[in-house]
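Novice:
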Amino acid sequence: MLSEGSSFFKGVALGGLFCLVLSLLGSFSSPRANTEQHLHHHVMAPSNKDLQDLPEDQMLELTNKVRVYCVIMVTPKLLLHWVATNNTWSKHCDRPVYYTSETSKVMEAVDLQEPDEWARMRKALNHAYENAGDLRWFFMARPTTFAIVENLKYLLIDKDPSQPFYMGHSLKSGELEYVEYESGVVLSYEALQRLVKIFKDDDMCPERGRALWKVSEEMQLAICLKYGGVFAENGEDANGKGLFNSRSVQAMISESMTQNPGNVLEACCSDLAITFSGMSPSQMQVMMFGVYRLRPYGHDFHDSLVFLPPKGSDND
């Protein structure tokens, strides 16, 4: 009798496990997903040599071509980071817009009145799409991320925003490839346009999760984009080094000093790095000094392009 009862409970447990696996697979794939051919995976910045061969008028056109709408997701709990972001790198965005979970009396932001992170991200991206005007690139970041916007523009300079680009630091979980939120997420106008359409189909892209467990917002974003035939890309320089980083410069250099003491900087980071994450407000101020203010007097830089600051901006 005891043996029969034991077999029964084992069957119940195995059946439950089987349902759990099916539920997980269902959250990441569906026969309704768009099967459009995926033509790019590693997105690289152009070489400086190629740009130097362009005529001057075409070069000037390129410098004015890439304009970025920055979607910066904040909460009052991270007020010091919010202030630091507002005083540092966000001034280099063509349009920096802050999206908050609740009203703040200190800083200006779009109050979405939404505590759930995934629902708030959806509302922020919808708002950005509706208010983008003629801006065709979107960069979404948390206030703990420091971004070098000019390097982002350099990565995008030869990319067509009418193509579905979704890029950053790509990771993989099972069969799902997604862009890490902590390192910043880049979307072209076409990718965001497709996403906004997918948002309207609650079966493919529900605002409130229906799985047995909560899926992170970065994975949920990738799932919804996949239905529109938009896939995660890894942003890299010409040497294959990642441009979007989930750690601070300090952490990356410290690791490199331990693992590659004879070649610390070469092994650490790309010269064209776009983001560093997990930054404290004081670290952001130091980064701002190092990236935009400190200059060796008399040194001639040989960059092909010059990205002018947004009109009316007081950026460094």
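Numbering (UniProt numbering), first residue to last: 1 to 316.
Every residue, glycine too, gets a C-beta built ideally from N, C-alpha and C.
All of these numbers come straight from a predicted model, not from anything done at the bench.
(1) Compare the C-alpha of residue 337 against each of Gly-278, Thr-63 and Thr-258 and name the closest.
(2) State the DSSP-derived secondary structure class of Val-196, mapped to helix, strand or coil.
(3) Report the three-state DSSP secondary structure of Ser-29 (helix, strand or coil).
(4) For Tyr-297, count neighbouring C-beta atoms within 10 Å of its own C-beta (all shown protein chains included) and say buried if the count is 16 or more, exposed if not.
(5) Under 8 Å by Cβ, that's how I've got Ser-248 and Gln-283 pegged, so tell me the actual separation to the nearest angstrom.
(6) Please look up how many angstroms separate the CB atoms of Pro-161 and Tyr-129, rounded, as I've assumed it's under 8 Å.
(7) Out of Tyr-69, Leu-80, Lys-91 and Tyr-178, state which residue places its alpha-carbon closest to the alpha-carbon of Gly-312.
(8) Can you tell me which of Gly-228, Thr-144 and Ser-216 puts its alpha carbon nearest to the alpha carbon of Leu-79?
(9) Just how far apart, CA to CA, sit Ala-124 and Tyr-69?
(10) Tell me the residue span of the beta strand (DSSP E) that contains Val-74.
(11) Are there three or more Cβ pairs, one per stretch, closer than 8 Å when the stretch 269-276 is compared with the stretch 226-243?
(12) Which same chain residues, not among the five before or five after Phe-276, have their C-beta less than 6 Å away from its C-beta?
(13) Rank Pro-164, Ser-170 and Leu-135 by C-alpha distance to the C-alpha of Lys-153 and give the top, closest one.
(14) So Asn-151 packs on Ile-274, CB below 8 Å; how close in whole Å?
(15) Based on Cα-Cα distance, which residue from Met-140, Ala-132, Met-73 and Asn-131 lies nearest to Glu-114?
(16) Note the first and the last residue of the continuous alpha helix (DSSP H) segment covering Leu-221.
(17) Going by Cα to Cα distance, which pick from Phe-231, Glu-218, Val-71 and Asn-64 is closest to Phe-307?
(18) What three-state label does DSSP hand residue 326 in the structure shown?
(19) To which residues of the same chain is Arg-194 closer than 8 Å at the C-beta, ignoring the five residues directly before and after it?
(20) Less than 7 Å separating the beta-carbons of Tyr-178 and Met-219?
Specialist: In terms of the structure at hand:
(1) The requested residue 337 does not occur in the structure, where the chain is confined to residues 1 to 316.
(2) helix
(3) Note that Ser-29 scores 41 on pLDDT, short of 50, meaning its location in the model is unreliable and no value can be drawn from it.
(4) exposed
(5) 6 Å
(6) Not confirmed; about 13 Å, so no contact.
(7) Lys-91
(8) Thr-144
(9) 12 Å
(10) 68-74
(11) yes
(12) Phe-146, Asn-245, Ser-248 and Val-249
(13) Leu-135
(14) 5 Å
(15) Met-73
(16) 217-227
(17) Asn-64
(18) The requested residue 326 is not part of the displayed model; the chain covers only 1 to 316.
(19) Pro-164, Leu-225, Gly-228, Gly-229 and Val-230
(20) yes
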